[in-house]
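Under the working numbering, the first residue of the sequence shown carries the number 77, and numbering increases by one thereafter.
Positions of the beta carbon are idealized from the N, C-alpha and C atoms, including for glycine.
Computed from a prediction, not measured in an experiment: that's the story for all the values here.
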Amino acid sequence: GVDWIWDTFFFQLKIFNTWLIVDILQPMRAAFLRMPVVATFVLVMGTGYIIGGIRSALVVGSFTLFIALSPWWDRALVTAYMATFGVIVSSTIGVITGSLCAQNTTSTKIALGVCDTLQTFPSFVYLIPVMMLFGITDTSVLIAVIVYATIPATRYTIEGLRSVPQALHDAGSMSGVTRLQRLFQIEFPLAFPHIMLGINQTVIFALFMVIIGAFIGTEDLGQYIMKALSDLKGGGKALILGLCVAFIGLAVDNLIRTWANKRKKLLGLEEY
(Lines of atoms letter the chains of each structure in order from A and count residues from 1; the text may use other names and numbers.)
(Lines give C-alpha, C1' and ligand atoms only; values in the text may rest on other atoms or scores of the structure.)
Protein backbone atom coordinates (compact mmCIF):
# COMPACT_ATOMS: atom_id res chain seq x y z
CA GLY A 1 0.00 0.00 0.00
CA VAL A 2 2.78 2.43 0.89
CA ASP A 3 4.67 1.49 -2.29
CA TRP A 4 1.56 2.17 -4.39
CA ILE A 5 1.07 5.58 -2.75
CA TRP A 6 4.74 6.39 -3.31
CA ASP A 7 4.66 5.33 -6.97
CA THR A 8 1.34 7.06 -7.71
CA PHE A 9 1.72 10.30 -5.78
CA PHE A 10 5.50 10.76 -5.73
CA PHE A 11 5.54 14.29 -7.13
CA GLN A 12 2.54 15.43 -5.08
CA LEU A 13 4.13 14.10 -1.88
CA LYS A 14 7.44 15.74 -2.74
CA ILE A 15 5.76 19.09 -3.41
CA PHE A 16 3.72 18.86 -0.20
CA ASN A 17 6.78 17.91 1.85
CA THR A 18 8.86 20.77 0.42
CA TRP A 19 6.04 23.30 0.89
CA LEU A 20 5.38 22.24 4.47
CA ILE A 21 9.03 22.33 5.49
CA VAL A 22 10.08 25.49 3.66
CA ASP A 23 6.98 27.67 4.07
CA ILE A 24 5.63 26.57 7.46
CA LEU A 25 7.89 24.40 9.61
CA GLN A 26 11.23 26.15 9.10
CA PRO A 27 9.82 29.67 9.74
CA MET A 28 7.93 28.37 12.78
CA ARG A 29 11.02 26.62 14.12
CA ALA A 30 13.14 29.72 13.55
CA ALA A 31 10.56 31.87 15.35
CA PHE A 32 10.61 29.57 18.38
CA LEU A 33 14.41 29.47 18.49
CA ARG A 34 14.59 33.27 18.37
CA MET A 35 12.50 33.57 21.52
CA PRO A 36 14.71 35.11 24.26
CA VAL A 37 14.75 33.29 27.58
CA VAL A 38 13.68 36.31 29.64
CA ALA A 39 10.91 37.31 27.23
CA THR A 40 9.59 33.74 27.11
CA PHE A 41 9.67 33.50 30.89
CA VAL A 42 7.76 36.79 31.25
CA LEU A 43 5.26 35.76 28.57
CA VAL A 44 4.54 32.41 30.24
CA MET A 45 4.21 33.95 33.70
CA GLY A 46 2.06 36.76 32.33
CA THR A 47 -0.24 34.29 30.62
CA GLY A 48 -0.49 32.30 33.84
CA TYR A 49 -1.31 35.45 35.81
CA ILE A 50 -4.00 36.55 33.36
CA ILE A 51 -5.61 33.12 33.33
CA GLY A 52 -5.26 31.99 36.94
CA GLY A 53 -3.74 34.76 39.01
CA ILE A 54 -0.49 34.75 40.96
CA ARG A 55 -0.69 31.06 41.90
CA SER A 56 -0.88 29.87 38.31
CA ALA A 57 1.83 32.35 37.31
CA LEU A 58 4.21 30.98 39.95
CA VAL A 59 3.51 27.37 38.98
CA VAL A 60 4.09 27.77 35.24
CA GLY A 61 6.94 30.19 35.92
CA SER A 62 8.74 27.62 38.07
CA PHE A 63 8.38 25.00 35.33
CA THR A 64 9.76 27.41 32.73
CA LEU A 65 12.60 28.51 35.01
CA PHE A 66 13.74 24.92 35.49
CA ILE A 67 13.91 24.42 31.72
CA ALA A 68 15.64 27.78 31.20
CA LEU A 69 18.35 26.93 33.74
CA SER A 70 19.07 23.60 32.07
CA PRO A 71 21.62 23.37 29.22
CA TRP A 72 18.91 22.32 26.76
CA TRP A 73 16.74 25.42 26.44
CA ASP A 74 17.06 25.52 22.65
CA ARG A 75 16.18 21.81 22.35
CA ALA A 76 13.17 22.42 24.58
CA LEU A 77 12.04 25.15 22.17
CA VAL A 78 12.35 22.70 19.26
CA THR A 79 10.25 20.21 21.21
CA ALA A 80 7.71 22.95 21.96
CA TYR A 81 7.54 23.98 18.30
CA MET A 82 6.83 20.45 17.11
CA ALA A 83 4.29 19.77 19.86
CA THR A 84 2.57 23.12 19.26
CA PHE A 85 2.14 22.48 15.55
CA GLY A 86 0.88 18.97 16.23
CA VAL A 87 -1.59 20.09 18.90
CA ILE A 88 -3.05 22.89 16.77
CA VAL A 89 -3.67 20.61 13.79
CA SER A 90 -4.78 17.62 15.89
CA SER A 91 -7.22 19.67 17.96
CA THR A 92 -8.73 21.26 14.86
CA ILE A 93 -9.17 17.92 13.11
CA GLY A 94 -10.36 16.17 16.27
CA VAL A 95 -12.97 18.75 17.26
CA ILE A 96 -14.37 19.02 13.72
CA THR A 97 -14.42 15.23 13.23
CA GLY A 98 -15.91 14.67 16.67
CA SER A 99 -18.60 17.28 16.08
CA LEU A 100 -19.63 15.66 12.81
CA CYS A 101 -19.57 12.10 14.16
CA ALA A 102 -21.51 13.00 17.31
CA GLN A 103 -24.62 13.86 15.30
CA ASN A 104 -25.90 10.27 15.11
CA THR A 105 -25.37 6.97 16.89
CA THR A 106 -23.96 5.05 13.93
CA SER A 107 -21.18 7.51 13.13
CA THR A 108 -20.41 7.79 16.85
CA LYS A 109 -19.89 4.03 17.15
CA ILE A 110 -17.74 3.94 14.02
CA ALA A 111 -15.57 6.87 15.13
CA LEU A 112 -15.07 5.53 18.65
CA GLY A 113 -14.26 2.11 17.20
CA VAL A 114 -11.60 3.67 14.97
CA CYS A 115 -10.17 5.55 17.97
CA ASP A 116 -10.06 2.34 20.01
CA THR A 117 -8.31 0.53 17.17
CA LEU A 118 -5.70 3.25 16.64
CA GLN A 119 -4.91 3.35 20.35
CA THR A 120 -4.06 -0.35 20.37
CA PHE A 121 -1.11 0.15 18.01
CA PRO A 122 2.37 0.72 19.49
CA SER A 123 3.18 4.40 19.15
CA PHE A 124 6.30 3.93 17.01
CA VAL A 125 4.21 2.09 14.39
CA TYR A 126 2.84 5.46 13.25
CA LEU A 127 6.33 6.56 12.25
CA ILE A 128 7.04 3.71 9.84
CA PRO A 129 4.68 4.49 6.91
CA VAL A 130 5.19 8.27 7.04
CA MET A 131 8.96 7.81 7.21
CA MET A 132 8.76 5.71 4.04
CA LEU A 133 6.74 8.46 2.34
CA PHE A 134 8.52 11.60 3.57
CA GLY A 135 11.92 10.36 4.71
CA ILE A 136 13.72 11.35 7.89
CA THR A 137 12.23 14.82 8.23
CA ASP A 138 10.12 16.82 10.66
CA THR A 139 7.19 16.17 8.33
CA SER A 140 7.27 12.46 9.14
CA VAL A 141 7.29 13.06 12.88
CA LEU A 142 4.58 15.70 12.76
CA ILE A 143 2.21 13.62 10.64
CA ALA A 144 2.65 10.76 13.13
CA VAL A 145 2.03 13.25 15.95
CA ILE A 146 -1.14 14.51 14.28
CA VAL A 147 -2.55 11.02 13.67
CA TYR A 148 -1.77 9.89 17.21
CA ALA A 149 -2.85 13.07 19.01
CA THR A 150 -6.10 13.45 17.06
CA ILE A 151 -7.47 10.36 18.83
CA PRO A 152 -8.20 11.95 22.25
CA ALA A 153 -9.46 15.19 20.70
CA THR A 154 -11.97 13.24 18.60
CA ARG A 155 -13.00 10.89 21.39
CA TYR A 156 -13.57 13.55 24.04
CA THR A 157 -15.43 15.82 21.63
CA ILE A 158 -17.82 13.00 20.74
CA GLU A 159 -18.32 11.97 24.36
CA GLY A 160 -18.82 15.57 25.47
CA LEU A 161 -21.41 16.37 22.81
CA ARG A 162 -23.23 13.06 23.28
CA SER A 163 -23.47 13.69 27.03
CA VAL A 164 -25.65 16.79 26.55
CA PRO A 165 -29.13 15.88 27.91
CA GLN A 166 -31.75 15.15 25.28
CA ALA A 167 -34.13 17.53 27.06
CA LEU A 168 -31.88 20.45 26.12
CA HIS A 169 -31.84 19.30 22.50
CA ASP A 170 -35.63 19.25 22.52
CA ALA A 171 -35.84 22.63 24.24
CA GLY A 172 -33.57 24.16 21.62
CA SER A 173 -35.56 22.65 18.77
CA MET A 174 -38.84 23.92 20.22
CA SER A 175 -37.29 27.38 20.51
CA GLY A 176 -36.74 27.42 16.77
CA VAL A 177 -32.94 27.30 16.69
CA THR A 178 -31.16 25.75 13.73
CA ARG A 179 -28.89 22.74 14.06
CA LEU A 180 -25.78 24.94 13.92
CA GLN A 181 -27.20 27.34 16.51
CA ARG A 182 -28.01 24.42 18.79
CA LEU A 183 -24.51 23.03 18.32
CA PHE A 184 -22.67 26.27 19.09
CA GLN A 185 -25.04 27.84 21.64
CA ILE A 186 -26.20 24.78 23.60
CA GLU A 187 -24.11 21.69 22.98
CA PHE A 188 -20.60 23.15 22.78
CA PRO A 189 -20.86 25.23 25.99
CA LEU A 190 -22.11 22.21 27.94
CA ALA A 191 -19.56 19.86 26.38
CA PHE A 192 -16.74 22.36 26.85
CA PRO A 193 -15.19 20.83 30.00
CA HIS A 194 -15.02 17.41 28.36
CA ILE A 195 -13.57 18.84 25.15
CA MET A 196 -10.89 20.70 27.10
CA LEU A 197 -9.98 17.46 28.85
CA GLY A 198 -9.46 16.05 25.37
CA ILE A 199 -7.20 18.97 24.43
CA ASN A 200 -5.15 18.27 27.56
CA GLN A 201 -4.79 14.66 26.48
CA THR A 202 -3.88 15.84 22.98
CA VAL A 203 -0.98 17.87 24.41
CA ILE A 204 0.28 14.82 26.31
CA PHE A 205 -0.07 12.54 23.29
CA ALA A 206 1.72 15.07 21.07
CA LEU A 207 4.66 15.45 23.47
CA PHE A 208 4.92 11.68 23.80
CA MET A 209 5.01 11.13 20.05
CA VAL A 210 7.50 13.97 19.51
CA ILE A 211 9.88 12.25 21.94
CA ILE A 212 9.30 8.90 20.20
CA GLY A 213 10.22 10.71 16.97
CA ALA A 214 13.82 10.73 18.21
CA PHE A 215 14.05 7.22 16.77
CA ILE A 216 14.25 8.74 13.28
CA GLY A 217 16.69 11.49 14.15
CA THR A 218 14.83 14.60 15.31
CA GLU A 219 16.86 17.28 17.07
CA ASP A 220 14.67 17.87 20.10
CA LEU A 221 14.87 16.74 23.72
CA GLY A 222 14.00 13.18 22.70
CA GLN A 223 17.29 12.78 20.83
CA TYR A 224 19.27 13.85 23.90
CA ILE A 225 17.22 11.54 26.12
CA MET A 226 18.13 8.60 23.88
CA LYS A 227 21.81 9.54 23.98
CA ALA A 228 21.73 9.91 27.77
CA LEU A 229 20.04 6.55 28.23
CA SER A 230 22.67 4.85 26.08
CA ASP A 231 25.41 6.28 28.33
CA LEU A 232 26.13 4.33 31.50
CA LYS A 233 26.81 7.61 33.30
CA GLY A 234 23.93 9.50 31.73
CA GLY A 235 21.22 8.67 34.26
CA GLY A 236 21.21 12.12 35.86
CA LYS A 237 21.20 13.86 32.49
CA ALA A 238 18.31 11.67 31.30
CA LEU A 239 16.36 12.53 34.46
CA ILE A 240 16.77 16.28 33.90
CA LEU A 241 15.82 15.95 30.24
CA GLY A 242 12.76 13.92 31.18
CA LEU A 243 11.75 16.57 33.70
CA CYS A 244 12.09 19.25 31.01
CA VAL A 245 9.63 17.36 28.81
CA ALA A 246 7.29 16.75 31.74
CA PHE A 247 7.37 20.41 32.79
CA ILE A 248 6.43 21.54 29.27
CA GLY A 249 3.36 19.33 29.48
CA LEU A 250 2.55 20.33 33.07
CA ALA A 251 2.80 24.05 32.26
CA VAL A 252 0.40 23.72 29.34
CA ASP A 253 -1.88 21.49 31.42
CA ASN A 254 -2.01 24.06 34.21
CA LEU A 255 -2.92 26.89 31.83
CA ILE A 256 -5.59 24.90 29.98
CA ARG A 257 -7.10 23.40 33.13
CA THR A 258 -7.24 26.76 34.92
CA TRP A 259 -8.83 28.44 31.91
CA ALA A 260 -11.33 25.59 31.54
CA ASN A 261 -12.33 25.85 35.21
CA LYS A 262 -12.93 29.59 34.83
CA ARG A 263 -15.08 28.95 31.78
CA LYS A 264 -17.06 26.29 33.63
CA LYS A 265 -17.86 28.76 36.40
CA LEU A 266 -18.81 31.39 33.85
CA LEU A 267 -21.14 28.94 32.12
CA GLY A 268 -22.55 27.64 35.39
CA LEU A 269 -20.93 24.24 34.99
CA GLU A 270 -18.81 24.26 38.13
CA GLU A 271 -20.55 21.12 39.34
CA TYR A 272 -19.48 19.21 36.21
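With 16 other Cβ atoms within 10 Å as the buried cut-off, status of residue i
| i | result |
| --- | --- |
| F85 | exposed |
| A156 | buried |
| V98 | exposed |
| H245 | exposed |
| G189 | exposed |
| D192 | exposed |
| G289 | buried |
| L203 | buried |
| S132 | buried |
| F197 | exposed |
| P269 | buried |
| V120 | buried |
| I186 | exposed |
| D214 | buried |
Cα-Cα separation, residue i to residue j
| i | j | result |
| --- | --- | --- |
| V201 | P228 | 18 Å |
| I275 | F92 | 27 Å |
| T254 | S239 | 20 Å |
| P205 | K90 | 15 Å |
| W335 | M104 | 25 Å |
| V286 | E295 | 10 Å |
| A247 | P241 | 10 Å |
| I292 | S199 | 13 Å |
| L305 | S183 | 44 Å |
| Q88 | F210 | 11 Å |
| G122 | M272 | 21 Å |
DSSP state of residue i mapped onto helix, strand, coil
| i | result |
| --- | --- |
| P198 | coil |
| N180 | coil |
| L308 | coil |
| P241 | coil |
| R110 | coil |
Check your understanding: Is the segment 110-130 in contact with the segment 216-223, if contact means three or more CB pairs nearer than 8 Å?
Key -> no
Point to revise | Contact the segment 141-159 vs the segment 297-312: 3+ CB pairs below 8 Å | key: yes
**Study point:** Cβ pair count under 8 Å reaching 3, the segment 257-273 against the segment 136-147
**Key:** With the cut-off at 8 Å, the segment 257-273 and the segment 136-147 do not touch.
Review point. Looking at C-beta atoms only, is the number of pairs between the segment 160-169 and the segment 271-285 that lie closer than 8 Å three or more?
Key: yes
Practice item. Mind the definition here: the segment 323-339 touches the segment 172-187 only if three or more C-beta pairs lie below 8 Å; say whether that holds. Key: no
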